[in-house]
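Asker:
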Amino acid sequence: MSSGSPRPVRAAVAIFDVLTSILPSRFRHAFGLDIRDAFEDEAMERFRQGGVAGLGAATGRGLADVLITAWHTRLPSMHATTRPHDDPQRMRGSLMYALWQDLRYAFRTLRKQPAFTLVALLTLAVGIGANTAIFTVVNAALLRPLPYPHADRLVRIWGSSRENPSQRANINPLDAMDWAREAKAFESLAVFTTTTQPLTGMGDPLTIPVAFATPSFFETLGARAAMGTLFGSHHGQPGRETEIVVSRAFWAGTLGGDPAVLGRSIKLSDIACTIIGVLPADFVSPGISAAMEPQAWRPMMIAPDSSRGGHFARSIARLAPGVPVATAQAQIDAIMMRLAKEFPSTNLGQWTYIEPLQAAIAGDARTPLLMLMAAVGVVLLIGCANVANLLLARATVRQREIAVRSALGAGRGRLIRQLMTESLVLGTIGGLLGIGLAIAAMSSLPVWLTSQVPLAVSAAIDGRVFAFTLALSIATAVLFGLVPALQASRSDIRSVLTSSGDTRATGSGRIQSLLLVVETALALVLLIAATLLVQSLMRLQFVDPGFDTEHVLTFRVSLPRARYPETARRNAFFSDLTDRLRQLPGVTAAGGVNMSPLTDRYSCDSFGLADRPAPPDGQEPCAEARVATREYFSAMGIPLVKGRLFGPADTASATPVIIINETMARKYWPDGNGLGQRFKWGSVTSEAPWRTIVGIVRDVKHFALDVDVEGEVYVPLEQSGPTVMTIAVRTERAPQTLAGEIRGIVGTLDASLPISEVFTTGQLVQRSTAMQTFRTQLLTAFALVALGLAIVGVYGVMAFFVAQRTQEIGIRLALGASPTALRRLVVLRGMKAAVIGAALGLLVSLPMSRMIEGLLFGVTSGDRVAYLLGPLLLLSTALVASYVPARRATRVDPVQAIRTE
Amino acid sequence: MPAKSRTDGSLPLKPAVLLLLVSLAAGEKHGYALRKDVAARSGGDVRLGPATLYRTLAQMLEEGTIEESGRRPAPELDDERRRYYRLTDRGRRLLDAEITRLEQLAASARAVILQRGKA
Numbered sequence: 001m002s003s004g005s006p007r008p009v010r011a012a013v014a015i016f017d018v019l020t021s022i023l024p025s026r027f028r029h030a031f032g033l034d035i036r037d038a039f040e041d042e043a044m045e046r047f048r049q050g051g052v053a054g055l056g057a058a059t060g061r062g063l064a065d066v067l068i069t070a071w072h073t074r075l076p077s078m079h080a081t082t083r084p085h086d087d088p089q090r091m092r093g094s095l096m097y098a099l100w101q102d103l104r105y106a107f108r109t110l111r112k113q114p115a116f117t118l119v120a121l122l123t124l125a126v127g128i129g130a131n132t133a134i135f136t137v138v139n140a141a142l143l144r145p146l147p148y149p150h151a152d153r154l155v156r157i158w159g160s161s162r163e164n165p166s167q168r169a170n171i172n173p174l175d176a177m178d179w180a181r182e183a184k185a186f187e188s189l190a191v192f193t194t195t196t197q198p199l200t201g202m203g204d205p206l207t208i209p210v211a212f213a214t215p216s217f218f219e220t221l222g223a224r225a226a227m228g229t230l231f232g233s234h235h236g237q238p239g240r241e242t243e244i245v246v247s248r249a250f251w252a253g254t255l256g257g258d259p260a261v262l263g264r265s266i267k268l269s270d271i272a273c274t275i276i277g278v279l280p281a282d283f284v285s286p287g288i289s290a291a292m293e294p295q296a297w298r299p300m301m302i303a304p305d306s307s308r309g310g311h312f313a314r315s316i317a318r319l320a321p322g323v324p325v326a327t328a329q330a331q332i333d334a335i336m337m338r339l340a341k342e343f344p345s346t347n348l349g350q351w352t353y354i355e356p357l358q359a360a361i362a363g364d365a366r367t368p369l370l371m372l373m374a375a376v377g378v379v380l381l382i383g384c385a386n387v388a389n390l391l392l393a394r395a396t397v398r399q400r401e402i403a404v405r406s407a408l409g410a411g412r413g414r415l416i417r418q419l420m421t422e423s424l425v426l427g428t429i430g431g432l433l434g435i436g437l438a439i440a441a442m443s444s445l446p447v448w449l450t451s452q453v454p455l456a457v458s459a460a461i462d463g464r465v466f467a468f469t470l471a472l473s474i475a476t477a478v479l480f481g482l483v484p485a486l487q488a489s490r491s492d493i494r495s496v497l498t499s500s501g502d503t504r505a506t507g508s509g510r511i512q513s514l515l516l517v518v519e520t521a522l523a524l525v526l527l528i529a530a531t532l533l534v535q536s537l538m539r540l541q542f543v544d545p546g547f548d549t550e551h552v553l554t555f556r557v558s559l560p561r562a563r564y565p566e567t568a569r570r571n572a573f574f575s576d577l578t579d580r581l582r583q584l585p586g587v588t589a590a591g592g593v594n595m596s597p598l599t600d601r602y603s604c605d606s607f608g609l610a611d612r613p614a615p616p617d618g619q620e621p622c623a624e625a626r627v628a629t630r631e632y633f634s635a636m637g638i639p640l641v642k643g644r645l646f647g648p649a650d651t652a653s654a655t656p657v658i659i660i661n662e663t664m665a666r667k668y669w670p671d672g673n674g675l676g677q678r679f680k681w682g683s684v685t686s687e688a689p690w691r692t693i694v695g696i697v698r699d700v701k702h703f704a705l706d707v708d709v710e711g712e713v714y715v716p717l718e719q720s721g722p723t724v725m726t727i728a729v730r731t732e733r734a735p736q737t738l739a740g741e742i743r744g745i746v747g748t749l750d751a752s753l754p755i756s757e758v759f760t761t762g763q764l765v766q767r768s769t770a771m772q773t774f775r776t777q778l779l780t781a782f783a784l785v786a787l788g789l790a791i792v793g794v795y796g797v798m799a800f801f802v803a804q805r806t807q808e809i810g811i812r813l814a815l816g817a818s819p820t821a822l823r824r825l826v827v828l829r830g831m832k833a834a835v836i837g838a839a840l841g842l843l844v845s846l847p848m849s850r851m852i853e854g855l856l857f858g859v860t861s862g863d864r865v866a867y868l869l870g871p872l873l874l875l876s877t878a879l880v881a882s883y884v885p886a887r888r889a890t891r892v893d894p895v896q897a898i899r900t901e
Numbered sequence: 001m002p003a004k005s006r007t008d009g010s011l012p013l014k015p016a017v018l019l020l021l022v023s024l025a026a027g028e029k030h031g032y033a034l035r036k037d038v039a040a041r042s043g044g045d046v047r048l049g050p051a052t053l054y055r056t057l058a059q060m061l062e063e064g065t066i067e068e069s070g071r072r073p074a075p076e077l078d079d080e081r082r083r084y085y086r087l088t089d090r091g092r093r094l095l096d097a098e099i100t101r102l103e104q105l106a107a108s109a110r111a112v113i114l115q116r117g118k119a
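Top line first, the protein sequences correspond to chains A and B.
Heads up: the first sequence begins at 1 in my numbering, then just goes up one per residue.
Heads up: the second sequence begins at 1 in my numbering, then just goes up one per residue.
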């Protein structure tokens with residue numbers, strides 16, 4: 001039958017045959033052929049039905065079946081080993097018994113050499129532990145399916161432009177409603193926005209993250225309520241705006257786990273909202289950072305007559321089964337083209353970019369995570385090389401034992417199996433310790449991780465991580481154990497037994513040198529990458545954010561529109577607040593802005609200029625729009641470059657004015673005569689008033705320290721009417737000490753008003769570079785561990801080299817060799833490996849560091865400093881590591897050395 | 001329980017063993033046919049892997065509930081490597097006992113449900 005089977009089936013049967021050899025021989029003799037035939041029949045059938053995939057599945061099942069059967073049939077002989085008098089004949093022959101014997105022997109030898117075992121285990125535990133920890137995060141952020149049913153069909157729809165189609169920006173809700181209606185590729189599509197709102201009427205006022213979502217939001221994700229209901233289609237109708245869904249955490253915490261929570265009313269932004277449902281505990285919002293995870297969800301109303309000009313919402317969608325992303329993209333593209341014709345003033349140039357939700361959520365965290373994964377992998381490889389070197393050294397010492405065992409009839413395969421069992425025991429224990437270390441490391445998830453890496457909150461050691469670590473441990477054991485085992489089992493019985501006890505190995509010295517070359521090369525690659533990142537971070541820290549980072553405390557206040565409906569009341573509140581803050585002892589200035597730098601809030605609004613022709617409709621330039629109080633600039637320490645700041649004369653009824661930043665001035669008036677020019681929001685023909693430029697201020701890094709400054713326009717508070725302001729208070733005292741007094745003042749003005757985001761400007765800067773800082777610290781730590789391991793490797797091998805040649809060195813010294821020459825001999829041997837390794841590392845580093853180019857700031861991937869510093873550090877430490885054993889070599893007392901015979 | 005004493009405490013049977021006994025009660029079969037038959041009878045729920053099948057058969061042979069059949073089909077219809085199995089008397093008794101046990105269980109379960117329905 002088998003000759004007529006197709007090749008894949010024959011291959012599967014061959015694999016199956018190999019595995020069946022683990023079945024007990026009695027059982028195999030009786031049924032082996034039947035089992036094989038049955039498998040072949042099954043394999044043929046599956047192959048005909050399901051092709052190679054079907055065959056693969058059938059083979060997997062067949063192998064698992066054999067393993068289970070082996071377990072069941074072998075079990076009695078396992079028990080037998082504990083009662084050897086039962087049936088010694090049967091027991092000795094069984095593979096299980098041999099394995100048991102190997103294991104016991106392995107444990108015994110490992111226990112007999114505690115120093116070796118400890119060093120090897122420690123190396124492996126740290127290596128495997130670090131890999132497990134990083135993999136746990138990679139698993140949560142990149143690999144594990146999102147916690148939604150059929151998550152592979154979920155996509156994020158980004159707003160973008162025709163010039164830059166793969167941009168990731170927000171979208172307009174009305175556009176999205178058109179996609180939902182017309183694009184058949186989507187089963188369901190939803191729009192949502194996030195914000196923070198004051199929660200009042202429940203003790204101290206507090207600000208909570210709130211999301212607004214269209215009725216189809218939860219349905220799109222496939223979420224179900226833990227209690228009550230979620231939004232239904234009727235939530236798009238007016239009259240349902242105040243029905244809300246709350247998160248499980250909010251219910252359990254703020255609402256005290258109230259079992260009768262459904263129908264209860266809470267006040268958000270002074271509006272009474274009725275709770276209709278509670279989300280399950282495992283619900284995670286798509287693409288919202290853990291810190292901003294909404295506590296309450298409110299229905300989002302989209303007025304059909306609202307503008308298509310604002311891009312402030314996010315959109316997610318579920319593809320219909322079997323529809324690829326490209327089809328959906330094509331359908332939306334067609335809709336966007338139609339909209340651009342229909343509404344040129346708002347939609348011309350607008351485009352979208354559809355991305356699988358998982359990739360959209362992982363976003364920028366992907367590259368650094370993969371870089372760290374590669375780095376810990378390298379650390380483990382170096383660790384493996386070290387353990388392999390230790391094993392090689394040990395095998396040389398054990399040559400006699402091995403020769404005796406083979407003289408007594410142990411075959412080479414048997415010896416290799418014994419040695420590999422020891423490696424596997426080391427690998428497995430190292431892996432278990434590593435998992436322990438990883439659990440310890442993950443138990444207190446670093447803040448940067450949860451705030452910077454999406455979904456990292458849910459990082460946990462699950463089955464996949466466990467399987468990864470197990471596979472890693474076994475692979476590690478094979479990696480460090482196989483070569484030494486092959487080497488050791490090759491020993492020539494006669495030469496070893498007749499030799500005088502000189503246990504020098506012949507071939508293993510070369511393998512040791514090769515391993516040294518590899519580990520120094522790998523360590524150098526990490527050192528260079530770390531140097532590049534450290535340089536980037538240093539340059540980043542020297543970037544001037546454009547404001548004072550020493551003496552300023554900022555906080556956010558949001559006025560509920562329900563209680564502060566008129567602009568005048570809101571503005572009065574803010575000026576009252578800043579006036580009172582200024583009177584605090586030690587405070588020199590207090591001012592506010594509606595969008596503070598480095599807080600991820602921005603808004604690019606289109607504008608027109610009086611001194612040049614109007615661009616075609618929909619192609620107006622845009623500038624970052626801010627609303628600022630008079631003292632904002634002095635409070636933040638943003639210097640005036642030209643003209644004047646806002647003054648008491650800039651009232652609501654006075655001539656409308658603006659202040660612009662230097663970038664804006666340079667961009668539109670390179671000749672420096674921006675002052676006095678006239679400017680208007682929207683297009684030049686809009687009804688907005690003309691505003692006169694009265695001042696130019698220094699640039700501020702608004703988005704991030706490593707992102708270029710955009711043109712920025714400040715409007716005075718009195719001529720605008722924001723509901724939210726970030727207030728900056730400049731003080732001569734330590735800024736943090738102001739927080740209590742500030743809360744008191746806000747409380748006296750309005751007892752039910754919370755303040756939030758209380759940070760010094762220094763903290764704002766730190767937070768904005770948290771991700772860069774931590775990935776740099778982590779990579780540097782890994783690079784140093786790698787260097788340390790490589791150096792320990794060099795030292796270990798050289799020390800062993802010297803120890804083995806004690807006698808030879810003694811004789812040479814006795815015969816008059818100069819100690820210097822002997823030292824040089826040893827050092828050169830160590831340095832040769834290190835220099836070759838460094839050269840190799842340099843070669844590998846060039847293409848490798850190009851892969852992290854996107855993470856660098858202010859340095860190129862080929863930076864000379866990194867390529868000089870790395871090798872210098874490596875070679876100088878390697879020199880020390882080989883000099884120490886070299887010196888010991890020349891301290892040998894010749895008489896003593898020769899006598900050790 | 002009378003059923004228990006008759007069968008030395010080997011009841012209830014494992015689903016696979018029960019299905020193999022039922023299949024052999026319908027006529028002697030070789031291993032591969034048994035596998036197919038078991039899968040069909042269980043509506044595809046019980047799929048015995050090749051090794052598991054023969055391990056179970058080996059156990060049943062040892063316990064004496066089945067035996068190898070000496071009778072073989074005409075040589076031209078038969079792959080001579082294949083061994084045929086049939087039920088022993090002991091196996092038939094065991095199957096009867098298990099069926100009785102299952103019937104009693106089903107009857108008492110139905111009675112409970114009917115009573116609750118009326119109340």
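The beta-carbon is built from N, C-alpha and C at its ideal position, and this holds for glycine as well.
As the structure is a prediction and not an experimental result, all values here were calculated from the model.
Out of N131(A), R891(A), F480(A) and G411(A), which one is the CA nearest neighbour of L424(A)?
Answerer: That would be F480(A), whose Cα lies nearest to the Cα of L424(A).
Asker: What residues match up with A51(B) in a beta bridge as DSSP calls it?
Answerer: Per DSSP, none; premise fails for A51(B).
Asker: Verify the contact flag: D548(A), CB atom, against every heavy atom of the ligand ZN, threshold strictly below 8 Å.
Answerer: Judged by which ligands are present, the structure shown has none, so any question about the ligand ZN falls away.
Asker: Which runs of the alpha helix (DSSP H) spanning at least 4 residues fall entirely within the stretch 168-222 of chain A, listed in chain order?
Answerer: With a minimum length of 4 residues, the continuous alpha helix (DSSP H) runs that stay inside the stretch 168-222 of chain A are 173-182 and 217-221.
Asker: Thinking C-beta only, is L717(A) closer than 9 Å to S575(A)?
Answerer: A contact, by the Cβ cut-off of 9 Å.
Asker: Output needed in chain order: residues of the stretch 20-47 of chain B with a Cβ under 7 Å from some Cβ in chain A.
Answerer: Residues passing the 7 Å Cβ filter: G31, Y32 and R35.
Asker: Would L855(A) pass as a contact of L533(A) if the rule is Cβ separation under 9 Å?
Answerer: In contact: L855(A) and L533(A) (Cβ atoms closer than 9 Å).
Asker: Output the distance between the C-alpha atoms of G676(A) and S307(A), rounded to the nearest integer angstrom.
Answerer: Computed Cα separation, rounded: 31 Å.
Asker: Roughly how many whole angstroms lie between the Cα atoms of A488(A) and R412(A)?
Answerer: Going from the Cα of A488(A) to the Cα of R412(A) covers about 10 Å.
Asker: For D605(A), which of helix, strand or coil comes out of DSSP?
Answerer: Here D605(A) sits in strand by DSSP.
Asker: For chain A, check one thing: does any of its Cβ atoms lie closer than 9 Å to the Cβ of L13(B)?
Answerer: Chain A, which has no Cβ nearer than 9 Å to the Cβ of L13(B), makes this no.
Asker: I'd like the span of the alpha helix (DSSP H) that includes M373(A), first residue to last.
Answerer: It spans R366 to V397 - the alpha helix (DSSP H) in which M373(A) sits, taken as one unbroken run.
Asker: When DSSP labels each residue in this structure, what does G501(A) get in the three-state scheme?
Answerer: Its pLDDT being 46, under 50, G501(A) is placed unreliably in this model, and the coordinates cannot settle the point.
Asker: Quick check on E624(A): does DSSP put it in helix, strand or coil?
Answerer: If DSSP states are grouped into helix, strand and coil, E624(A) belongs with the strands.
Asker: For T73(A), which residues in chain B fall below 7 Å Cβ to Cβ?
Answerer: Under the 7 Å cutoff, chain B gives R55.
Asker: Any beta-carbon of chain B closer than 9 Å to the one on D17(A)?
Answerer: So no, D17(A) is outside the interface.
Asker: Would V66(A) pass as an interface residue toward chain B - the criterion being a Cβ-Cβ separation below 9 Å?
Answerer: Chain B, which has a Cβ nearer than 9 Å to the Cβ of V66(A), makes this yes.
Asker: Going by C-alpha distance, which of A317(A), A799(A) and G203(A) is nearest V884(A)?
Answerer: Here the closest residue by C-alpha is A799(A).
Asker: Would you kindly report the start and end of the unbroken beta strand (DSSP E) that includes T731(A)?
Answerer: Residues V724 to T731.
Asker: Taking DSSP's pairing of strands, which residues face L319(A) in a bridge?
Answerer: Answer by DSSP bridge pairing, in chain order: F186(A).
Asker: I believe I511(A) touches V543(A) by the beta-carbon criterion, under 8 Å. Please report the beta-carbon distance rounded to the nearest angstrom.
Answerer: Not quite, the Cβ-Cβ distance comes to about 49 Å (not below 8 Å), so this is no contact.
Asker: Can you list the residues of chain B that I244(A) reaches, using a CB-CB cut of under 9 Å?
Answerer: Here the premise fails: no neighbours, minimum Cβ distance about 42 Å.
Asker: Measuring straight from C-alpha to C-alpha, what distance separates P238(A) and L432(A)?
Answerer: Rounded to whole angstroms, P238(A) to L432(A) spans 58 Å at the Cα level.
Asker: Please specify which runs of the beta strand (DSSP E), each continuous and at least 3 residues long, are wholly inside the stretch 736-802 of chain A, giving them in chain order.
Answerer: Correct list: 755-760.
Asker: For G49(B), which residues in chain A fall below 7 Å Cβ to Cβ?
Answerer: Chain A residues near G49(B): R61, G62 and D65.
Asker: Taking only beta-carbon positions, decide if A16(B) is within less than 9 Å of chain A.
Answerer: For A16(B), the answer is no, since every Cβ of chain A falls outside 9 Å of its Cβ.
Asker: Which residues does DSSP pair with M227(A) in a beta bridge?
Answerer: BP columns for M227(A) point to V278(A).
Asker: Give the residues of chain A in contact with T159(B), contact being defined as C-beta atoms less than 7 Å apart.
Answerer: Because chain B in this structure spans residues 1 to 119, residue 159(B) falls outside the shown range and cannot be described.
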